[in-house]
């Protein structure tokens, strides 16, 4: 079960194992578009949150190989990233979806950024 405990099914084991291998780790929460009520520019929707993080932190890094673990709707945001960012298609070497979700079901590869008027 992906949501069983803090050690079984949570992100902490992934992070610990990556750090033990001396890998850099970036954790995103694309479900959050604000901090303390202050909107985060570039995080108006999950798709843009992931794309902004990619452009800001990953694209500018020296990492040549990127591995992605995306949970729930993070899968749709990751699919969008791979469709819109050529550098992501070159550098992402593996993707693991855990409990992947897209709305409506079965449309993961058809995901698009919602129109601006829907990003409020």
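Numbering (the numbering used here), first residue to last: 3 to 122. Backbone N, C-alpha and C fix where the C-beta goes; we use that ideal spot for every residue, glycine too.
Worksheet item: Could you give the C-beta distance for residue 71 and residue 16, rounded to a whole number, given that I count them as a contact under 8 Å?
Response: 6 Å
Fill in: Delimiting residues of the alpha helix (DSSP H) encompassing residue 98
Where residue 98 is concerned, there is no enclosing alpha helix (DSSP H), although the beta strand (DSSP E) it sits in stretches over 94-100.
Worksheet item: Helix, strand or coil: which one does DSSP assign to residue 34?
Response: coil
Worksheet entry | Span separating the alpha-carbon of residue 64 from that of residue 93 | Rounded to the nearest angstrom, the two C-alpha atoms are 10 Å apart.
Fill in: Cβ-based neighbour list, residue 61, same chain, cut-off 7 Å, excluding 5 preceding and 5 following
89.
Discussion item. Cutting at 8 Å between CB atoms, please list the residues of its own chain near residue 9, excluding the five before and the five after it.
Written reply: Cβ within range, chain order: 15.
Item to complete: Sort out for me which residues DSSP pairs residue 28 with in a bridge.
Response: Paired residues: none, contrary to the question.
Practice prompt. Return the CA-CA distance between residue 32 and residue 96, expressed in angstroms with no decimal places.
Written response: Answer to the nearest angstrom: the Cα atoms are 19 Å apart.
Worksheet item: Given that a residue counts as buried once 16 or more other Cβ atoms are within 10 Å of its Cβ, and exposed if not, what is residue 37?
Response: exposed
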